[in-house]
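Some notes on the structure that comes next.
Residue numbers (our numbering): 49 to 254.
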């Protein structure tokens, strides 16, 4: 279990490092500096289910594909962080340890680990329905292409939530045992419903 947790944590860290973060940046169009390309500006606008990615390569096609992939990864990480951050998704292990009389610090630690695991699981899932809404191409001083891509989730929120719940269900089966089918079903279904609501909130539908 510790090995699996470490692996997923590393994968999630790599995923975050590969994605564009929502902060000010600058690019060069020849010798002209370009601050905050439109793709970054759009990623900061509503709805919140937007993210950007960037890549700099000598091959324009490869740079574009890499930037698009980074944007989709950033969107997945962004959605994962939101759906896994609410306490109601993590109170199962907390309540269990509290009822067993264990220290609240240990219970809180288990809660944090569960949140991180859920976040890592969700972040690894492909986000079907992510559409490119902005694509900016700049030429750097050394002749490379620097591409910025902004994507927005325009897919089926329930389908995405169900895929997330399937990943969470597999995690539960490995951690608490398949024999506890009733508990697993309840927690996975609660997670699906919660994720569906949070995605719709991010999308400005609620």
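Just so you know, even glycine gets a beta-carbon here, dropped at the ideal spot from N, CA and C.
Nearest in C-alpha terms to residue 206, of all of 183, 191, 217 and 237, is 237. Residue 178: member of the beta strand (DSSP E) spanning 178-187, first to last residue. In terms of Cα proximity to residue 197, the closest of 209, 130 and 184 is 184. Residue 102 and residue 117 have their alpha carbons spaced roughly 9 Å apart. Between residue 132 and residue 172, the C-beta gap is not smaller than 8 Å, which leaves the two residues out of contact. Exposed is the label assigned to residue 229, since fewer than 16 other Cβ atoms lie within 10 Å of its Cβ. Annotation for residue 214: 236 place their beta carbon closer than 8 Å to its own, counting only its chain and skipping 5 residues before and after. Around the beta carbon of residue 239, 16 or more other beta carbons sit within 10 angstroms, so the residue counts as buried. Inclusion of residue 83 and residue 120 in the CB contact set at 8 Å is not warranted, their separation being larger than that value. By the CB criterion at 8 Å, residue 99 and residue 126 fall inside the cutoff. Between residue 97 and residue 123, the C-beta gap is smaller than 8 Å, which places the two residues in contact.
Residue 232 is positioned such that its CB atom lies no closer than 8 Å to that of residue 250. By the CB criterion at 8 Å, residue 209 and residue 247 fall inside the cutoff.
Secondary structure of residue 103 (DSSP, three-state): strand. Excluding sequence positions up to five before and after residue 109, its CB lies less than 7 Å from no other CB in the same chain. Judged by DSSP secondary structure, residue 231 falls within the alpha helix (DSSP H) whose first and last residues are 229-250. In the displayed model, residue 194 falls within a strand according to three-state DSSP.
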